[in-house]
Structure formats: structure tokens, C-alpha cells
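As C-alpha cells, the structure follows; a few thoughts come after it.
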Amino acid sequence: MNRTQKMIYIALLVAQGVVIGLVENMIPYPFAFAPGAKLGLANLITIISLFTMPKKDSFTLVWMRLILTTLLGGTLSTFLYSMSGAMLSYFAMAFLRLLGPKRVSIIGISAAGGFMHNVGQLLTASFIAQSWTVMLYLPILSFFGILSGIAIGIAANFLLRRVQTLQKFQIAYENQTKQSWR
27 MNRTQKMIYI ALLVAQGVVI GLVENMIPYP FAFAPGAKLG LANLITIISL FTMPKKDSFT
87 LVWMRLILTT LLGGTLSTFL YSMSGAMLSY FAMAFLRLLG PKRVSIIGIS AAGGFMHNVG
147 QLLTASFIAQ SWTVMLYLPI LSFFGILSGI AIGIAANFLL RRVQTLQKFQ IAYENQTKQS
207 WR
């Protein structure tokens with residue numbers, strides 16, 4: 027794979043992540059008892075990037091997606107919450123990926139990412155509110171974050187097995203890392 031193909035691939039994933047993020051922002055929050063709870067559909071792109079490109083590139087993709095989504099339909103506040111959740115989630119998923127396919131699945135990695143995204147957002151909310159009582163939302167948000175993470179992990183697993191372009195990039199990345207997830 028040459029540099030141009032790699033840049034086009036990253037740009038397409040960023041664009042897909044931004045569109046998914048913007049569409050998700052238009053969906054009314056489904057859980058009235060947990061303000062701010064969302065499905066986290068854009069995390070699908072992060073999961074796919076973790077399994078098809080080096081960490082440096084997937085990290086760049088996450089930042090580009092966050093910045094563009096904020097510029098196109100967010101505020102500084104939404105950026106802070108999204109960034110803290112996305113970064114904590116990303117690092118947790120990247121770390122778990124290092125354990126290998128014999129110890130953790132793509133679905134498990136995604137579920138952990140959903141949980142850690144909520145932890146990151148609640149830590150930011152606690153800092154802004156100057157109170158740890160915000161963390162009382164963690165059990166409720168964790169339940170939905172893990173469920174959402176499982177669903178997104180299933181979707182990522184399906185796409186990585188069925189979409190030829192993703193398979194091509196995944197095989198190239200697995201050849202680099204000497205670790206097969208297929």
C-alpha cells in the first residue's frame with residue numbers, strides 16, 4: 027500500500043466518522059433518565075482504525091474526527107466532553123488490543139471503550155462541576171456504554187470480515203504487527 031492510498035483511506039474514515047457523529051448529534055437522546063447518553067456510533071470508525079492502521083495513524087484519525095465534528099456542529103463544551111471520552115476510550119482500547127486475540131476479542135475491546143468513554147466524560151463533568159457527585163451517573167452510563175460497545179464491536183467485526191477494502195488494510199497491518207485478528 028502506498029502513501030497516497032493510506033492518506034485516502036484515513037480521509038475516508040475521518041469523513042465517515044464525522045458524518046456518523048453529526049447524524050448521531052441530530053438523534054434525540056434515547057435515555058431521558060441519563061442526560062447525555064448517546065450510542066457512540068462514531069466509535070465504530072475508531073475500532074476499525076485500531077485494527078487496520080498503525081496507532082499513530084489511528085490516533086491522528088481520532089483527533090481529526092473530533093476537531094471536524096466540533097467545528098461542524100459542536101461547541102467548546104461538547105469538544106471537551108468528547109475529547110476526554112474519546113482519548114480515554116482510545117488509549118484503553120489500544121492497550122487492550124496489545125493483549126492479543128487469544129485474550130480479548132474485538133467486541134471486548136469495543137465494550138471496554140464504551141465504558142471508558144463514559145468514565146472520561148464523567149471525569150470532565152466532575153472537574154467542571156467541582157464535585158465528584160457527578161460520578162453517581164457512572165453505573166447507569168456504564169451499563170449503556172458497555173451495551174453500545176458490544177453492539178459496535180459486533181458491527182466492526184462484521185465489517186472487518188465482509189468489506190474487502192477493510193480486509194486489505196487489516197491484512198497489511200497484521201503483516202506489520204505479526205498479529206492476526208481474523
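Numbering (our numbering), first residue to last: 27 to 208. Here a beta-carbon is modelled for each residue, glycine too, at the ideal position from N, C-alpha and C.
Residues Gly-126, Pro-127 of the same chain have their beta carbon placed closer than 8 Å to that of Gln-205, with the five preceding and five following residues left out of the count. Residue nearest to Leu-114 within the set Val-130, Gly-99, Ser-131, Gly-140 is Gly-140 (criterion: CA-CA distance). Take the alpha-carbon of Tyr-35 and the one of Leu-167: they are about 33 Å apart.
Spanning the alpha carbons of Leu-162 and Val-49 requires a straight line of approximately 29 Å.
Proximity of the segment 178-193 to the segment 146-154 falls short of the contact definition, fewer than three beta-carbon pairs being nearer than 8 Å. 8 Å or more divides the Cβ of Gln-42 from the Cβ of Ile-73. Distances from the CA of Tyr-116 to each of Val-189, Lys-64, Ile-46, Asp-83 were compared; the closest alpha carbon is that of Asp-83.
Secondary structure note for Trp-158: it is in no alpha helix (DSSP H), with a DSSP letter that is neither H nor E. When DSSP states are grouped into helix, strand and coil, Gly-126 belongs to the coil group.
In the three-state scheme derived from DSSP, where H, G and I count as helix and E and B as strand, Pro-54 is classed as coil. For the options Leu-94, Lys-81, Trp-89, Phe-77, the alpha carbon positioned closest to that of Val-45 is the one of Leu-94. Looking at Met-109, Leu-149, Ser-110, Phe-195, the one whose alpha-carbon comes closest to that of Arg-29 is Phe-195.
Secondary structure of Val-145 (DSSP, three-state): helix.
Judged by DSSP secondary structure, Trp-89 falls within the alpha helix (DSSP H) whose first and last residues are 81-99.
Beta-carbon to beta-carbon, Ser-136 and Ala-68 are separated by about 12 Å, too far to satisfy the 8 Å threshold.
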